[in-house]
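In full-length UniProt numbering, the protein residues as written are 1 to 135.
Structure first, commentary second.
Rendered as structure tokens:
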């Protein structure tokens with residue numbers, strides 16, 4: 001394995017904070033066509049809402065931190081493991097790390113782990129994503 005890529009294991013990603021707003025919950029519901037009343041009024045979040053937190057909360061580009069060629073990047077997988085509820089008004093702090101990297105079939109695979117912690121210090125979610133960079 002490429003030493004530069006291997007050295008990324010354990011690299012911390014930028015920590016960021018995001019306040020969950022009812023309007024963002026409604027925006028996602030409308031965008032994906034899931035028009036349940038509890039989503040439209042912001043009383044509940046859909047299971048994939050942490051993607052909104054990721055896209056709107058972070059400042060630094062993950063591709064820049066990992067030195068990726070964005071023209072060769074694919075999103076491979078996304079998983080969410082919930083430990084608590086995320087609701088409107090919560091202030092979520094996200095801490096991330098490069099959990100693993102490996103090379104397979106002329107592609108680099110980066111496994112990112114992010115912990116979502118609410119304003120009470122409770123871990124409410126752990127998210128893992130796989131980023132694939134083709135050679």
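Heads up, the beta-carbon is just placed ideally off N, CA and C, and yes, glycines get one too.
Residue i burial status per 10 Å Cβ neighbour count (16 or more: buried)
{"i": "residue 7", "result": "exposed"}
{"i": "residue 23", "result": "exposed"}
{"i": "residue 10", "result": "exposed"}
{"i": "residue 108", "result": "buried"}
{"i": "residue 32", "result": "exposed"}
{"i": "residue 50", "result": "buried"}
{"i": "residue 89", "result": "exposed"}
{"i": "residue 34", "result": "exposed"}
{"i": "residue 42", "result": "buried"}
{"i": "residue 20", "result": "buried"}
{"i": "residue 55", "result": "exposed"}
Whole-number beta carbon distance between residue j and residue i, since they are thought to touch under 8 Å
{"i": "residue 114", "j": "residue 94", "result": "5 Å"}
{"i": "residue 110", "j": "residue 65", "result": "Actually they are not in contact, since the Cβ atoms of residue 110 and residue 65 sit about 10 Å apart, beyond 8 Å."}
{"i": "residue 16", "j": "residue 25", "result": "About 19 Å separates the two Cβ atoms, so there is no contact after all."}
{"i": "residue 28", "j": "residue 4", "result": "At roughly 36 Å, the Cβ-Cβ gap does not stay under 8 Å, so residue 28 and residue 4 are not in contact."}
{"i": "residue 76", "j": "residue 132", "result": "5 Å"}
{"i": "residue 124", "j": "residue 84", "result": "4 Å"}
{"i": "residue 118", "j": "residue 91", "result": "7 Å"}
{"i": "residue 126", "j": "residue 81", "result": "5 Å"}
{"i": "residue 147", "j": "residue 112", "result": "An answer regarding residue 147 cannot be provided, because it is not within the stretch 1 to 135 covered by the chain."}
Continuous beta strand (DSSP E) stretch holding residue i: start and end
{"i": "residue 114", "result": "107-117"}
{"i": "residue 99", "result": "91-104"}
Identified DSSP bridge partners for residue i
{"i": "residue 127", "result": "80, 114"}
{"i": "residue 10", "result": "In DSSP, residue 10 forms no bridge with anything."}
{"i": "residue 16", "result": "94"}
{"i": "residue 132", "result": "74, 109"}
Start-to-end residues for the alpha helix (DSSP H) that takes in residue i
{"i": "residue 52", "result": "50-57"}
{"i": "residue 32", "result": "22-32"}
{"i": "residue 65", "result": "62-65"}
{"i": "residue 35", "result": "Residue 35 -> no alpha helix (DSSP H), and no H or E assigned at all."}
Closer than 9 Å to chain C by CB, residue i
{"i": "residue 79", "result": "Absence of chain C from the displayed structure is noted, only one protein chain being present."}
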